[in-house]
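Visitor:
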Amino acid sequence: MDSTLDLITDWGAAGEAELADVVELRRAIHADPEIGLHCPRTTGKIKAALAGLPLDYRDSTSTTGFVAILRGGRDNGRTVLLRGDMDALPMQEETGLDFASQVPGAMHACGHDAHSAMLVGAARALCARRESLSGSVVFMFQPGEEGYHGARFMIEDGLLDEPRPEAAFALHIMPNAPAGMICSRPGALLASTDALNITIRGKGGHAAMPHDGIDPIPAACEIVTALSTFVARQIPVTDPAVLSITQINAGSAYNIVPDEVKLKGTLRTLSGETRSKAREGLTRIAELIALAHGCTAEVVIDDGYPVTMNDPRALALMRGVAEKLGGDSAWRTMAAPIMGGEDFSYVLREIPGAMSFIGVARAGTEPGANPPLHNTKMTIEEEVMARGVAMHCAVAEQFLDNGFD
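In the working numbering, the protein residues as written are 1 to 405.
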């Protein structure tokens with residue numbers, strides 16, 4: 001593993017050129033963002049950057065994602081997967097960067113441009129060491145992470161079946177964490193992400209004579225309040241849930257009682273048990289409160305991503321690599337999960353592995369002062385991508401050489 005770390009982190013002329021290529025690719029992807037499952041321009045840029053390398057390709061049939069497979073010269077039968085996502089968010093960029101998004105209403109505000117570029121850098125570095133690799137590396141480039149279930153579609157397309165990885169790893173940037181610090185935790189790292197759609201139906205009429213109809217608005221208001229109480233009183237704090245109603249839509253004029261109210265929101269949990277309990281409870285509350293008001297409630301819960309669960313063995317491997325790269329201070333074990341979600345959870349449900357965050361706070365700024373993920377002004381310290389490349393390479397070689405031992 002030391003030779004791989006030297007290859008990436010001892011920056012002579014070749015190392016600087018390699019980082020420059022990673023930065024150039026990241027900026028090209030950043031300036032031309034694409035949203036959803038179909039990101040053909042991004043896929044084209046990545047494949048062009050991989051051209052000429054000894055890789056076998058398998059394309060997704062339902063997305064523009066693909067896997068690139070590197071078969072090592074000393075194959076011992078092990079296979080490891082490294083993931084990079086490609087899609088952007090529906091946001092208008094406000095960073096003022098020279099390479100800011102040229103696509104109105106789309107921005108790489110979650111770092112997927114950096115994720116893809118770092119993975120390309122790792123592919124180049126590991127291809128240069130192909131003969132010494134003791135197994136195969138699957139580089140997974142996937143679109144549709146931002147709510148489109150891209151990883152699930154690629155799994156359903158069979159892209160993880162041949163060769164079947166025995167371990168899977170991913171890095172995710174964190175713009176308000178110190179540059180170069182690697183952060184994660186064993187077990188639940190990120191939450192499940194269900195979407196809530198509740199329709200309360202009454203009987204509309206004139207607002208001056210509400211008694212002639214059935215007003216669904218008071219029922220909807222009571223449901224919102226009751227859902228907060230439900231979480232506070234019936235979900236244990238040791239296995240938490242977050243239930244947020246984020247949209248309330250009703251009515252067409254000040255003097256009309258509407259026929260219905262639509263509520264939308266999200267449910268986040270860290271275990272299957274709490275997820276099931278919360279889904280059952282919120283459905284019961286909405287239906288019965290509506291009934292008490294003479295209304296009806298239809299509850300539709302769209303399945304979101306599963307909980308992102310880190311395998312302790314895989315996380316220990318990542319921690320060991322991080323500490324060899326930067327010493328003890330390069331690693332921080334997170335005290336608690338984050339209630340955001342990630343579709344790498346689909347991969348980790350199939351294959352033992354781990355995801356870690358890598359801090360990319362801009363130089364000369366306090367980490368907490370940097371705009372966070374999903375912010376129109378989010379930026380990164382690009383030199384940190386060198387450590388991301390090194391992490392990918394060393395994690396892959398460590399697993400191929402020793403497994404989880």
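Cβ coordinates follow ideal geometry from the N, Cα and C atoms, glycine included.
Leaving out five residues on either side along the sequence, give the residues of the same chain with a beta carbon under 6 Å from the beta carbon of Asp32.
Guide: Arg41.
Visitor: Please determine if the segment 227-245 and the segment 200-219 are in contact, where contact requires at least 3 C-beta pairs separated by less than 8 Å.
Guide: As far as the Cβ criterion goes, the segment 227-245 does not touch the segment 200-219, which means the pair count is below three.
Visitor: Between Glu222 and Gly272, what straight-line distance do the alpha-carbon atoms span, to the nearest angstrom?
Guide: About 27 Å.
Visitor: So within the segment 121-182, which uninterrupted alpha helix (DSSP H) runs reach at least 4 residues, ignoring any that extend past its ends?
Guide: The qualifying runs are 150-156.
Visitor: From Leu317, Glu280 and Lys262, pick the residue whose C-alpha is nearest to that of Thr296; which is it?
Guide: Ranking the options by Cα distance to Thr296, first place goes to Lys262.
Visitor: Is DSSP giving Ile223 helix, strand or coil here?
Guide: The answer is helix: DSSP assigns Ile223 an H, G or I state.
Visitor: Candidates Arg164, Asp405 and His30: which alpha carbon is nearest Ala114's?
Guide: If we check each option's Cα against that of Ala114, His30 comes out closest.
Visitor: Between Val23, Asp59 and Leu97, which has its C-alpha nearest Met378's C-alpha?
Guide: Of Val23, Asp59 and Leu97, the residue nearest in Cα terms is Leu97.
Visitor: Pick helix, strand or coil for Asp2, following the three-state DSSP scheme.
Guide: Note that Asp2 scores a pLDDT of 47, beneath 50, so its modelled location is shaky and nothing firm can be said.
Visitor: For the alpha helix (DSSP H) that contains Pro46, what are its first and last residues?
Guide: Residue identity check: residue 46 is Ile in the sequence provided, not Pro. Run containing Ile46: Pro40 to Leu50, per the alpha helix (DSSP H) assignment.
Visitor: Count the other CB atoms within 10 Å of the CB of Asn370; is the residue buried (16 or more) or exposed (fewer)?
Guide: With 16 or more Cβ atoms within 10 Å of its Cβ, Asn370 is classed as buried.
Visitor: DSSP beta-bridge partners for Ser228?
Guide: Note: Ser228 sits in no beta bridge, so no partner.
Visitor: Do the segment 389-398 and the segment 314-322 meet, that is, are 3 or more Cβ pairs less than 8 Å apart?
Guide: Taking 8 Å as the limit for Cβ pairs, the verdict is that the segment 314-322 does touch the segment 389-398.
Visitor: State the Cα-Cα distance for the pair Thr64 and Phe153, rounded to the nearest angstrom.
Guide: Spanning the two alpha carbons is a distance of roughly 11 Å.
Visitor: Here's a check: name, in chain order, each residue in its chain whose Cβ is nearer than 6 Å to the Cβ of Trp11, leaving out the five neighbours to either side.
Guide: Confidence at Trp11 is low in this model, with a pLDDT of 33, below 50, so the placement of that residue should be treated as unreliable; the coordinate-derived value is given next. There are no such residues.
Visitor: Find out if the Cβ-Cβ distance for the pair Gly73, Glu131 is shorter than 8 Å.
Guide: Yes.
Visitor: Cα separation between Gly265 and Asp194?
Guide: Computed Cα separation, rounded: 9 Å.
Visitor: By DSSP, does Met355 sit in helix, in strand, or in coil?
Guide: Three-state result, Met355: strand.
Visitor: Can you tell me whether Leu243 is helix, strand or coil according to DSSP?
Guide: Looking at Leu243 - three-state DSSP - the assignment turns out to be strand.
Visitor: Would you kindly report the start and end of the unbroken alpha helix (DSSP H) that includes Gly281?
Guide: That run of the alpha helix (DSSP H) goes Gly272 to Ala292.
Visitor: Suppose you measure from the CA of Phe99 to the CA of Ala109; what does that come to, to the nearest Å?
Guide: Looking at the two C-alpha atoms, the distance is approximately 13 Å.
Visitor: Pairing CB atoms from the segment 46-65 with CB atoms from the segment 337-345, are three or more of them under 8 Å?
Guide: Touching, no, given that fewer than three Cβ pairs across the two stretches are closer than 8 Å.
Visitor: When DSSP builds the beta bridges, which residues end up paired with Phe404?
Guide: DSSP output for Phe404 lists no bridge partner at all.
Visitor: By how many angstroms is the C-alpha of Ala219 removed from the C-alpha of Ile289?
Guide: Taking the straight line joining both Cα atoms gives about 7 Å.
Visitor: Where Ser228 and Arg279 are concerned, what is the direct C-alpha to C-alpha distance, given to the nearest angstrom?
Guide: Near 13 Å, if we compare the C-alpha coordinates of Arg279 and Ser228.
Visitor: Name the one or two DSSP bridge partners that Ile301 has.
Guide: Its beta-bridge partners are Leu196.
Visitor: Which residue comes first and which comes last in the alpha helix (DSSP H) that contains Val321?
Guide: Segment Pro312 to Gly326, the alpha helix (DSSP H) holding Val321.
Visitor: Hey, how far is the Cα of Met181 from the Cα of Arg284?
Guide: So the two alpha carbons sit approximately 44 Å from each other.
Visitor: Leu291 to Lys203, Cα distance in whole Å?
Guide: Straight-line Cα distance between these residues: approximately 13 Å.
Visitor: Which stretch, first to last residue, makes up the beta strand (DSSP E) that contains Val261?
Guide: Note, Val261: beta strand (DSSP E), Glu260 to Thr269.
Visitor: DSSP three-state label for His112, please.
Guide: Helix at His112.
Visitor: Under DSSP, the alpha helix (DSSP H) around Tyr57 begins and ends at which residues?
Guide: Where Tyr57 is concerned, there is no enclosing alpha helix (DSSP H), although the beta strand (DSSP E) it sits in stretches over Asp56 to Asp59.
Visitor: Run the CB neighbour count on Glu489, radius 10 Å, all protein chains shown included, and call it buried at 16 or more, exposed below.
Guide: Not covered by the structure: residue 489. The range shown for the chain is 1 to 405.
Visitor: Classify Asp85: buried if its beta carbon has 16 or more other beta carbons within 10 angstroms, exposed otherwise.
Guide: Asp85 is buried by the Cβ-count criterion.
Visitor: Can you tell me where the alpha helix (DSSP H) with Arg349 in it begins and where it stops?
Guide: Note, Arg349: alpha helix (DSSP H), Phe344 to Glu350.
Visitor: In the DSSP assignment, the beta strand (DSSP E) including Val80 goes from what residue to what residue?
Guide: First-last of the beta strand (DSSP E) with Val80: Thr79 to Asp85.
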